[in-house]
Every structure is written in C-alpha cells, then in structure tokens.
Amino acid sequence: MKKTRRQSLKPSTTANGAPDTVDNDDVSERIRNTLAAAIGEGALKPGTKILEEAIAEHFGVSRTVVRGALGVLESDHLLERKRNRGTFVAEPSIEQAKSLFEARRKLERLLLELVIMRATSEQLDALERLTDEEEHIHHHGDEKSKTVLSGKFHIVLAGLAGNPVLTEMLSKIVARLSLVMSLYEEDREDECGADHHRMIVAALKAKDLAKAQDLMDHHLADIEGRVRLTEGQGDRHTFLAVLENFS
C-alpha cells in the first residue's frame, strides 16, 4: 500500500537535534506565558534581548516553535523584532504610553458599568477578599508580590463584567503598561494600593456607578502620576538597569 505524503514526513527536531515529540501548541503557550509573566513582573526589562536558542533548549523544542511563540508576543506588542539584531522586549514610545493610559481609563469605566449590572454579591465578596490579601502583602510582602497582586485585582474585576473580549483587551493593555512603568516610572513609593481598590469595591456593592468610576479615575490618575513621559526618562531607566545588572 502506497504511503501518503503525511506518513513520509520526518518529525521536527529540538535545539539539541532530538525529535520534537511534545505538543507544540501546549509548549508554545507555556513559552508565551513564561515570557509574559517575566515581562509583567519586571524580570525582563524593556530592551532585553530574547535568546531563542536558550528558550528552545529549556523547553526542549525546535527554534521554529520558539519563533512561533515569540511572534504572538510581538503581535501583542510585548516584544519587537529588529532587523539583523534579533527579538527584544518592547520599549513603548511616549505616544504609545499616552494612548495606553487613555485606553485603560475608558475601558475600566465601561467595565465598571458592566460589573454593576452583572456581578453577583458572592463575586464582589470574593473581590473584597482579594483586597484583604493585597493589604497583607502591602505590609508584609516583597515588591514583586505587590505588583502581581495589584494587577490581578483589575483583571479579576474585569472578569466580573462577563465579557471575555473586554477582559482580554484590558489584560493586554495592563501588560503593555508594565513596560511603560519600567521605562518611565519616577516615583515608586506609592504602589497601586488596596485602599483604593477597597473603596471601589464598596461603591460597586452600593450600586453607585458614578462613585465607582470617579474612584477608578482617581486611582488610575495616581498611577499615571508616577511616570514622567520624556525621552530622557526612558534612557535613564535603561541605563540604570544596566548599572544594576553589572554592579
């Protein structure tokens, strides 16, 4: 019986030359999640070069699979490819930063409207418990834990709106804003705190949309107030990151 073309194909190989027998879709997602988390938590700074060979070796897949995963992160604007130089963690421009902040303000106001319409009492109670966890972390945790939990509040809140498309949009905006904060943040003292979040939850429980939106506007303005959107500021943080790594 004649073999089909599919049967005659050879399996792809990993960076070490071994057959690539893992589920490529699954491992590609793991690569994306790993890099996105590292970027969001500040472990991979804007301008950092992405080492494809190291990723391929770590996950036991071919560089073709790695490039596919990196391509998705490029489309999400977390990475950028530079001709003849490779792939790097993205460095948002000042105009991009302004657009991201504006989009987040508009989107979070809309999400609050949907949350008041759709969220259950049990869901809001769970959100309030998250602010309790935030408060504990703020007093006893490290900076990494504070950053992760702070971002989680906004994503969980968005999820209560019952619109996965809007939740995904906010998740991507928040991820890109983590790069903006890395490049342009000047005042790191006032973290995205549980006190603001707690007041927002209280307004949601009271079905007071106007107050919830005002509180969110104030909260996001506080975050934006910690950045200085100048070219020099971005260059300064990039240079300081180099000094921290080599001293």
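Residue numbers (my numbering): -16 to 230.
Every residue, glycine too, gets a C-beta built ideally from N, C-alpha and C.
{"query": "Inspect the beta-carbon positions of L198 and A186 and report whether they are closer than 7 Å.", "result": "yes"}
{"query": "Can you tell which of R92, T213, G51 has the C-alpha that lies nearest to the C-alpha of M164?", "result": "T213"}
{"query": "Have a look at R88, L166, R209 and flag the residue whose alpha-carbon is nearest the alpha-carbon of A73.", "result": "L166"}
{"query": "Going straight from the alpha carbon of T4 to that of M100, what length do you get?", "result": "Model confidence at T4 stands at a pLDDT of 45, short of 50, so the residue's coordinates are unreliable and nothing is read from them."}
{"query": "For the stretch 101 to 114 against the stretch 54 to 74, are there 3 or more C-beta pairs whose distance is under 8 Å?", "result": "no"}
{"query": "From this set, I206, V210, R159, L143, which residue's C-alpha is nearest E24's C-alpha?", "result": "R159"}
{"query": "What residue ranges within the stretch 45 to 124 form continuous alpha helix (DSSP H) runs of no fewer than 4 residues, ordered along the chain?", "result": "46 to 58, 77 to 101, 104 to 123"}
{"query": "Classify H201: buried if its beta carbon has 16 or more other beta carbons within 10 angstroms, exposed otherwise.", "result": "exposed"}
{"query": "CB of L27 to nearest heavy atom of the ligand ZN: below 6 Å?", "result": "Among the components modelled here there is no ligand, and therefore nothing to report on the ligand ZN."}
{"query": "Taking C-alpha atoms, which residue in D191, E12, R181, D9 lies nearest to E118?", "result": "R181"}
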